[in-house]
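K.L.:
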Amino acid sequence: GLEETTMLTSISDYHIYYKFGVTRDKAFTKYLTVVEEAMKRGIVVRCTLEDATRASLEKNIIPFVEKLIALSERYGVTFRVKVADTLGLGLPFPEIAPPRGIPALVKALREIGLTAEQIEFHGHNDLGLVVANHLAAWLHGAGMSNCTLLGIGERAGNCPLEVMLLHYVGLTGRLDRVNLGALPRVVEVLEEMGYSVPEYQPLVGRNAFRTKAGVHIDGLLKNPEVYLPFDPGIVGRRADIAVTAYGGRAAIVMWLRSRLPEKLAESIDKDDPRVEAIYREVVKLFEESGRHTPLSDEEMTRIVERYFPEIQGKTRS
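Everything in the sequence shown is counted per the working numbering, starting at 610 for the first residue and increasing by one.
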């Protein structure tokens with residue numbers, strides 16, 4: 610039979626008065642009646658505190674959760690609460706008061722007796738803080754984190770699972786429980802389903818590990834750690850560059866080293882006259898056309914093959 614279920618328990622006065630058109634007491638009574646019937650049957654209820662970041666902690670959230678605790682003690686059945694930052698208004702800073710302050714909100718729930726396993730956080734990215742809020746909830750005592758692949762979700766989206774997993778690896782030092790190298794294949798599947806991955810999406814977007822600034826590219830050539838936050842190989846990617854008029858000779862060198870056959874690539878540096886010739890041709894192309902977008906690999910290959918005729922058809926992707 611059914612062992613666990615999720616129930617929407619809209620907790621803010623905005624939802625109670627404007628959406629349901631009832632008083633706070635009447636709404637809570639209805640919620641608790643259903644929860645009690647479930648607990649009588651041994652069913653664990655996950656109560657979604659919808660719009661929690663616009664609900665009064667003292668008048669709405671704490672009184673309702675305390676009634677859940679009382680029912681749980683009476684029937685010997687646990688429950689969980691899903692703290693939903695429905696409109697993405699939460700703030701990840703400990704000094705911010707609840708309900709908008711996520712650390713303080715989670716702490717308040719822990720102080721009335723909820724365990725980490727009983728609290729999960731569900732955030733939205735309307736104001737761009739969804740990952741920070743999920744991390745704040747987790748680090749301050751919420752044991753579960755609602756995430757979606759690539760953050761796909763309502764409006765501006767939810768918390769991207771892959772980013773939270775990367776932070777998990779960074780904070781715990783454990784890579785053995787996750788396979789982030791599968792991300793490129795995940796992206797392929799989503800694109801096959803019709804989803805368009807934003808170019809600047811962290812970890813998975815085309816531009817995530819791609820740089821076009823000459824000073825950055827020069828640093829990458831000297832040591833990848835200079836301008837990479839971590840090894841892109843962890844997420845199945847590699848550092849890449851976009852060739853423009855502003856990348857300098859370093860951009861040409863890095864493109865050649867990453868695309869030419871390995872034995873030939875090893876000997877390429879900025880003093881190579883062919884690098885200088887390619888660089889000047891690239892700059893001329895941009896100046897004469899007024900172009901602003903980077904050259905594609907196909908365009909670069911056509912230019913490079915004029916100076917490296919021996920590699921026609923042999924460049925690496």
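Ideal Cβ positions, reconstructed from N, Cα and C, are used throughout, including at glycine.
Kindly provide the ranges of any beta strand (DSSP E) runs that are 3 or more residues long and lie completely inside the stretch 763-797, ordered along the chain.
P.N.:
Runs found: none.
K.L.:
What's the call for Glu-763, buried or exposed, on a 16-neighbour Cβ count within 10 Å?
P.N.:
By the neighbour-count rule (16 or more Cβ atoms within 10 Å), Glu-763 is not buried but exposed.
K.L.:
Spell out a yes or no on whether the stretch 868-887 and the stretch 835-845 are touching, meaning 3 or more CB-CB pairs, one atom from each, closer than 8 Å.
P.N.:
Verdict: no, contact absent.
K.L.:
Would a C-beta distance cut-off of 8 Å place Leu-904 and Val-844 closer than the cut-off?
P.N.:
Result no, Cβ atoms of Leu-904 and Val-844 do not sit closer than 8 Å.
K.L.:
In the DSSP assignment, the beta strand (DSSP E) including Gly-899 goes from what residue to what residue?
P.N.:
That residue, Gly-899, is in no beta strand (DSSP E); it is neither H nor E in DSSP.
K.L.:
Alpha carbon to alpha carbon, how far is Thr-781 from Val-787? Give it in angstroms, no decimals.
P.N.:
Cα to Cα, Val-787 sits roughly 12 Å from Thr-781.
K.L.:
Go through the stretch 854-896 residue by residue and report every complete run of the alpha helix (DSSP H) that reaches 4 residues or more, in order.
P.N.:
Complete alpha helix (DSSP H) runs here, min 4: 857-868 and 871-874.
K.L.:
Return the chain-ordered ranges of every alpha helix (DSSP H) run that is complete within the stretch 630-654 and spans a minimum of 4 residues.
P.N.:
Entirely contained in the stretch 630-654, the alpha helix (DSSP H) runs reaching 4 residues are, in chain order, 633-649.
K.L.:
Quick one: using the 10 Å Cβ neighbour count with 16 as the cut-off for buried, is Val-654 buried or exposed?
P.N.:
Per the 10 Å Cβ criterion, buried.
K.L.:
Counting pairs of Cβ atoms below 8 Å between the stretch 666-683 and the stretch 728-735, do you hit three or more?
P.N.:
The stretch 666-683 is not in contact with the stretch 728-735.
K.L.:
By a C-beta neighbour count over all protein chains shown, 10 Å radius and 16 as the cutoff for buried, is Glu-726 buried or exposed?
P.N.:
By the neighbour-count rule (16 or more Cβ atoms within 10 Å), Glu-726 is not buried but exposed.
K.L.:
State the DSSP-derived secondary structure class of Thr-662, mapped to helix, strand or coil.
P.N.:
Reduced to three states, the DSSP call for Thr-662 is helix.
K.L.:
Hey, quick one: how far does the alpha helix (DSSP H) through Phe-613 stretch, first residue to last?
P.N.:
At residue 613 the sequence reads Glu, which differs from the Phe that was named. Careful: Glu-613 lies outside any alpha helix (DSSP H), inside the beta strand (DSSP E) at 613-617.
K.L.:
Which of the three DSSP states, helix, strand or coil, is assigned to His-731?
P.N.:
Strand, per DSSP.
K.L.:
Rank Gly-779, Val-778 and Gly-760 by C-alpha distance to the C-alpha of Leu-770 and give the top, closest one.
P.N.:
Of the candidates Gly-779, Val-778 and Gly-760, the one whose C-alpha sits nearest the C-alpha of Leu-770 is Gly-760.
K.L.:
Using 8 Å as the threshold, is the C-beta distance between Ala-851 and Lys-831 below it?
P.N.:
No, Cβ-Cβ distance for Ala-851 and Lys-831 is not below 8 Å.
K.L.:
What residues in its chain sit with their C-beta under 6 Å from that of Phe-688, if we drop five residues either side in the sequence?
P.N.:
Within the same chain, Phe-688 has close Cβ partners Val-654, Leu-677 and Ser-681.
K.L.:
Have a look at Ala-706, Tyr-855, Val-674 and Glu-907 and flag the residue whose alpha-carbon is nearest the alpha-carbon of Ile-826.
P.N.:
Minimum Cα distance to Ile-826 is reached at Tyr-855.
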